[in-house]
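For what it's worth, the working numbering labels the leading residue of the sequence shown as -10, then goes sequentially. We put the CB at the ideal spot given by N, CA and C, even for glycine.
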Amino acid sequence: MAPIRLAILETDTPLPQVDKAFNSTGYYGVFKSMFERAFADSPTRLSSILSLSRHTVVFSDISSYPSLDEVDAILITGSKHNAFDNDPWILTLVEYTRKALEQDRKVKVIGVCFGHQIVGRALGVHVDRSDNGWEISVTEMRLCEKGKELFGKDTLKLQQMHRDQVFSLPATALPLAETSICPNQGFLIPEKAITVQGHPEFTPTIMHELLESRKEMGLFTPELFQSGMERNQQDDGLLVARVFVKFLRGEV
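This is how it looks when you write it as C-alpha coordinates:
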(Lines of atoms letter the chains of each structure in order from A and count residues from 1; the text may use other names and numbers.)
(Lines give C-alpha, C1' and ligand atoms only; values in the text may rest on other atoms or scores of the structure.)
Protein backbone atom coordinates (compact mmCIF):
# COMPACT_ATOMS: atom_id res chain seq x y z
CA MET A 1 0.00 0.00 0.00
CA ALA A 2 1.38 3.41 -0.97
CA PRO A 3 1.99 5.99 1.79
CA ILE A 4 -0.84 8.42 2.49
CA ARG A 5 -0.04 11.81 0.97
CA LEU A 6 -0.61 14.23 3.86
CA ALA A 7 -0.16 17.95 3.19
CA ILE A 8 0.76 20.01 6.26
CA LEU A 9 -0.76 23.49 5.88
CA GLU A 10 1.33 25.79 8.10
CA THR A 11 -0.73 28.69 9.42
CA ASP A 12 1.91 30.18 11.73
CA THR A 13 5.61 30.12 12.58
CA PRO A 14 6.97 28.64 15.84
CA LEU A 15 8.74 30.88 18.32
CA PRO A 16 12.46 31.27 17.50
CA GLN A 17 13.94 28.74 19.92
CA VAL A 18 11.38 26.11 18.94
CA ASP A 19 11.99 26.69 15.24
CA LYS A 20 15.73 26.41 15.81
CA ALA A 21 15.24 23.11 17.64
CA PHE A 22 13.44 21.74 14.59
CA ASN A 23 16.09 22.97 12.14
CA SER A 24 13.95 25.89 10.94
CA THR A 25 11.36 23.57 9.43
CA GLY A 26 8.44 25.37 11.10
CA TYR A 27 5.33 23.57 12.24
CA TYR A 28 5.90 21.05 9.48
CA GLY A 29 8.93 19.90 11.49
CA VAL A 30 6.96 19.90 14.74
CA PHE A 31 4.22 17.67 13.30
CA LYS A 32 6.72 15.42 11.52
CA SER A 33 8.44 14.89 14.86
CA MET A 34 5.08 14.15 16.52
CA PHE A 35 4.30 11.39 14.03
CA GLU A 36 7.85 10.00 14.23
CA ARG A 37 7.68 9.81 18.03
CA ALA A 38 4.22 8.26 17.89
CA PHE A 39 5.56 5.42 15.74
CA ALA A 40 9.06 5.18 17.22
CA ASP A 41 8.38 1.68 18.62
CA SER A 42 6.43 0.47 15.61
CA PRO A 43 7.91 -2.18 13.31
CA THR A 44 6.43 -0.16 10.43
CA ARG A 45 8.47 2.85 9.37
CA LEU A 46 6.60 6.16 9.31
CA SER A 47 7.76 6.81 5.74
CA SER A 48 5.83 3.76 4.60
CA ILE A 49 2.68 5.11 6.27
CA LEU A 50 2.79 8.85 5.53
CA SER A 51 4.29 10.99 2.80
CA LEU A 52 4.38 14.50 4.26
CA SER A 53 4.57 17.74 2.31
CA ARG A 54 4.95 21.31 3.58
CA HIS A 55 2.81 24.26 2.49
CA THR A 56 3.06 27.68 4.14
CA VAL A 57 -0.27 29.45 3.65
CA VAL A 58 -0.07 32.49 5.97
CA PHE A 59 -0.66 35.66 3.90
CA SER A 60 -0.61 33.49 0.77
CA ASP A 61 -2.98 32.98 -2.12
CA ILE A 62 -4.26 29.72 -3.55
CA SER A 63 -1.00 29.14 -5.46
CA SER A 64 0.63 28.08 -2.18
CA TYR A 65 -1.81 25.21 -1.71
CA PRO A 66 -1.44 21.67 -3.00
CA SER A 67 -3.90 20.50 -5.64
CA LEU A 68 -6.67 18.46 -4.02
CA ASP A 69 -6.17 15.94 -6.82
CA GLU A 70 -2.60 15.31 -5.65
CA VAL A 71 -3.09 14.70 -1.91
CA ASP A 72 -5.02 12.19 0.17
CA ALA A 73 -5.39 14.43 3.21
CA ILE A 74 -4.58 17.84 4.65
CA LEU A 75 -3.64 18.84 8.19
CA ILE A 76 -4.28 22.46 9.23
CA THR A 77 -1.98 23.57 12.05
CA GLY A 78 -2.54 25.86 15.01
CA SER A 79 -1.92 29.59 14.76
CA LYS A 80 -1.81 32.84 16.71
CA HIS A 81 -4.23 34.28 14.13
CA ASN A 82 -8.01 34.33 14.54
CA ALA A 83 -9.97 31.79 12.52
CA PHE A 84 -12.98 34.13 12.54
CA ASP A 85 -11.14 37.04 10.89
CA ASN A 86 -11.78 37.97 7.27
CA ASP A 87 -8.22 38.54 6.10
CA PRO A 88 -7.88 37.39 2.47
CA TRP A 89 -5.56 34.50 3.32
CA ILE A 90 -7.94 33.20 6.01
CA LEU A 91 -10.89 33.37 3.62
CA THR A 92 -8.80 31.47 1.06
CA LEU A 93 -8.00 28.81 3.66
CA VAL A 94 -11.66 28.48 4.66
CA GLU A 95 -12.76 28.08 1.04
CA TYR A 96 -9.99 25.55 0.28
CA THR A 97 -10.99 23.55 3.37
CA ARG A 98 -14.64 23.65 2.33
CA LYS A 99 -13.73 22.31 -1.11
CA ALA A 100 -11.67 19.52 0.45
CA LEU A 101 -14.59 18.54 2.66
CA GLU A 102 -17.12 18.68 -0.17
CA GLN A 103 -15.11 16.80 -2.79
CA ASP A 104 -16.55 13.53 -4.06
CA ARG A 105 -13.02 12.19 -4.04
CA LYS A 106 -12.10 11.45 -0.43
CA VAL A 107 -9.64 14.08 0.74
CA LYS A 108 -9.55 13.76 4.51
CA VAL A 109 -9.05 16.74 6.80
CA ILE A 110 -7.30 17.03 10.18
CA GLY A 111 -7.70 20.28 12.14
CA VAL A 112 -5.60 21.22 15.17
CA CYS A 113 -6.59 24.23 17.35
CA PHE A 114 -6.84 27.05 14.76
CA GLY A 115 -7.27 24.23 12.23
CA HIS A 116 -10.17 22.81 14.25
CA GLN A 117 -11.76 26.26 14.14
CA ILE A 118 -11.17 26.65 10.39
CA VAL A 119 -12.87 23.30 9.76
CA GLY A 120 -15.81 24.42 11.91
CA ARG A 121 -16.07 27.70 10.04
CA ALA A 122 -15.81 25.96 6.65
CA LEU A 123 -18.78 23.83 7.70
CA GLY A 124 -20.86 26.85 8.65
CA VAL A 125 -20.73 26.89 12.45
CA HIS A 126 -19.93 29.90 14.64
CA VAL A 127 -16.29 30.49 15.63
CA ASP A 128 -15.33 33.39 17.90
CA ARG A 129 -13.53 34.63 20.99
CA SER A 130 -14.88 32.97 24.13
CA ASP A 131 -15.98 34.81 27.26
CA ASN A 132 -14.40 31.95 29.23
CA GLY A 133 -10.89 33.25 28.54
CA TRP A 134 -7.69 31.31 28.07
CA GLU A 135 -7.28 27.56 28.33
CA ILE A 136 -3.57 26.75 28.55
CA SER A 137 -1.05 23.99 29.19
CA VAL A 138 -1.87 20.35 29.89
CA THR A 139 -5.61 20.05 30.52
CA GLU A 140 -7.70 16.97 31.27
CA MET A 141 -10.72 16.59 29.00
CA ARG A 142 -13.80 14.47 29.53
CA LEU A 143 -14.25 12.19 26.54
CA CYS A 144 -17.63 11.75 24.87
CA GLU A 145 -18.78 8.31 23.75
CA LYS A 146 -17.02 8.51 20.37
CA GLY A 147 -13.90 9.87 22.07
CA LYS A 148 -13.87 6.96 24.53
CA GLU A 149 -14.16 4.57 21.59
CA LEU A 150 -11.32 6.20 19.63
CA PHE A 151 -8.87 6.73 22.49
CA GLY A 152 -9.73 3.75 24.68
CA LYS A 153 -10.12 5.71 27.92
CA ASP A 154 -12.51 8.04 29.75
CA THR A 155 -10.35 11.18 29.88
CA LEU A 156 -7.57 12.61 27.73
CA LYS A 157 -4.82 15.10 28.59
CA LEU A 158 -3.67 17.54 25.92
CA GLN A 159 -1.70 20.76 25.74
CA GLN A 160 -3.96 23.77 25.19
CA MET A 161 -3.28 27.34 24.05
CA HIS A 162 -6.45 29.12 23.00
CA ARG A 163 -9.24 31.52 23.89
CA ASP A 164 -11.26 31.08 20.68
CA GLN A 165 -13.81 28.32 20.26
CA VAL A 166 -16.07 26.47 17.84
CA PHE A 167 -19.46 27.08 19.45
CA SER A 168 -21.45 24.18 18.00
CA LEU A 169 -21.06 20.94 16.08
CA PRO A 170 -21.25 20.79 12.29
CA ALA A 171 -23.96 18.59 10.80
CA THR A 172 -23.09 14.86 10.99
CA ALA A 173 -20.18 15.56 13.38
CA LEU A 174 -19.70 13.45 16.50
CA PRO A 175 -18.26 15.21 19.60
CA LEU A 176 -15.00 13.85 20.98
CA ALA A 177 -14.33 15.69 24.24
CA GLU A 178 -15.24 18.63 26.46
CA THR A 179 -13.97 20.80 29.31
CA SER A 180 -15.74 23.35 31.49
CA ILE A 181 -13.98 26.16 29.58
CA CYS A 182 -14.45 24.71 26.10
CA PRO A 183 -17.39 22.35 25.51
CA ASN A 184 -16.29 21.52 21.94
CA GLN A 185 -12.81 20.00 22.21
CA GLY A 186 -12.97 18.30 18.83
CA PHE A 187 -15.16 16.25 16.57
CA LEU A 188 -15.20 13.43 14.06
CA ILE A 189 -17.02 13.36 10.74
CA PRO A 190 -16.57 9.71 9.74
CA GLU A 191 -14.33 9.21 6.71
CA LYS A 192 -14.02 12.97 6.22
CA ALA A 193 -12.62 15.02 9.15
CA ILE A 194 -11.19 14.78 12.64
CA THR A 195 -10.34 17.81 14.77
CA VAL A 196 -8.96 18.65 18.21
CA GLN A 197 -8.90 22.00 19.99
CA GLY A 198 -5.74 20.97 21.86
CA HIS A 199 -2.18 20.58 20.61
CA PRO A 200 -0.97 16.96 20.37
CA GLU A 201 2.18 18.23 18.63
CA PHE A 202 3.32 20.40 21.55
CA THR A 203 6.03 19.15 23.89
CA PRO A 204 6.67 20.57 27.39
CA THR A 205 9.59 22.53 25.89
CA ILE A 206 7.37 24.15 23.26
CA MET A 207 4.74 25.00 25.87
CA HIS A 208 7.36 26.46 28.23
CA GLU A 209 8.49 28.94 25.57
CA LEU A 210 4.89 29.85 24.75
CA LEU A 211 4.02 30.42 28.40
CA GLU A 212 7.07 32.62 28.95
CA SER A 213 6.44 34.60 25.76
CA ARG A 214 2.78 35.28 26.48
CA LYS A 215 3.51 36.18 30.09
CA GLU A 216 5.95 38.81 28.83
CA MET A 217 3.26 40.09 26.44
CA GLY A 218 0.92 40.58 29.39
CA LEU A 219 -1.65 38.08 28.13
CA PHE A 220 -1.61 35.93 31.28
CA THR A 221 -2.12 36.83 34.91
CA PRO A 222 0.67 35.64 37.25
CA GLU A 223 -1.74 33.03 38.64
CA LEU A 224 -2.66 31.65 35.21
CA PHE A 225 0.98 31.55 34.17
CA GLN A 226 2.00 29.68 37.32
CA SER A 227 -0.84 27.21 36.90
CA GLY A 228 0.23 26.58 33.31
CA MET A 229 3.84 26.01 34.33
CA GLU A 230 2.84 23.54 37.04
CA ARG A 231 0.69 21.52 34.62
CA ASN A 232 3.25 21.53 31.80
CA GLN A 233 4.08 17.83 31.80
CA GLN A 234 3.73 14.89 29.45
CA ASP A 235 0.29 14.38 27.94
CA ASP A 236 -1.56 12.08 25.53
CA GLY A 237 -0.47 13.84 22.35
CA LEU A 238 1.18 10.77 20.82
CA LEU A 239 -1.99 8.74 21.37
CA VAL A 240 -3.87 11.42 19.42
CA ALA A 241 -1.26 11.23 16.66
CA ARG A 242 -1.80 7.48 16.37
CA VAL A 243 -5.57 8.00 16.18
CA PHE A 244 -4.99 10.58 13.42
CA VAL A 245 -3.17 7.90 11.42
CA LYS A 246 -5.92 5.34 12.07
CA PHE A 247 -8.39 7.91 10.77
CA LEU A 248 -6.30 8.49 7.65
CA ARG A 249 -6.09 4.74 7.05
CA GLY A 250 -9.87 4.34 7.35
CA GLU A 251 -9.65 2.37 10.59
CA VAL A 252 -11.96 4.71 12.58
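query: With a threshold of 7 Å on Cβ separation, who are the neighbours of H115 within its own chain once the five nearest residues in sequence on each side are excluded?; result: F156, S157
query: What span of residues does the beta strand (DSSP E) with K181 cover, start to end?; result: Careful: K181 lies outside any beta strand (DSSP E) and carries neither H nor E.
query: How would you label R118, buried or exposed, when you count the other beta carbons within 10 angstroms and need 16 or more for buried?; result: exposed
query: Buried or exposed: which applies to F48, given that a residue is buried once 16 or more other Cβ atoms fall within 10 Å of its Cβ?; result: exposed
query: Suppose only complete runs of 4+ residues qualify. What are the alpha helix (DSSP H) ranges in the segment -6 to 50, listed by chain order?; result: 5 to 10, 15 to 27
query: Assuming K97 contacts L237 (C-beta within less than 8 Å), just tell me the rounded distance between them.; result: 6 Å
query: Is I107 closer than 8 Å to T86 when the C-beta atoms are compared?; result: yes
query: Return the chain-ordered list of same chain residues with a C-beta closer than 7 Å to the C-beta of T81, the five sequence neighbours on each side being excluded.; result: D50, I51
query: My assumption, with CB atoms under 8 Å, is that R231 sits in contact with A27. Please give the rounded CB distance.; result: 5 Å
query: What are the residues that DSSP puts in a beta bridge with V116?; result: V155
query: Would you mind giving the Cβ-Cβ distance between L(-2) and I65, rounded to the nearest angstrom? I have them listed as a contact below 8 Å.; result: 5 Å
query: Can you tell which of S56, I125, K142, E129 has its C-alpha closest to the C-alpha of D153?; result: I125
query: With a Cβ-Cβ cutoff of 8 Å, do L112 and K88 count as a contact?; result: no
query: Comparing C-alpha positions only, which one of E25, N173, H70, Q92 sits nearest to K181?; result: Q92
query: Check each candidate in S13, G239, V234, F214 and name the one with the smallest Cα separation from M23.; result: V234
query: Since I believe H188 is in contact with V101 (beta carbons under 8 Å), could you give me their beta-carbon distance rounded to a whole number of angstroms?; result: 6 Å
query: Let me make sure I understand the geometry here. Which of E190, L35, F140, I170 has the alpha-carbon closest to that of G244?; result: Outside the shown range of the chain (-10 to 241) lies residue 244, about which nothing can therefore be said.
query: What are the boundary residues of the alpha helix (DSSP H) that includes G217?; result: 211 to 219
query: Taking all protein chains shown into account, do 16 or more other C-beta atoms lie within 10 angstroms of the C-beta of R94, making it buried, or fewer, making it exposed?; result: exposed
query: When you compare the CB positions of Q186 and H151, do they come within less than 8 Å of one another, or not?; result: yes
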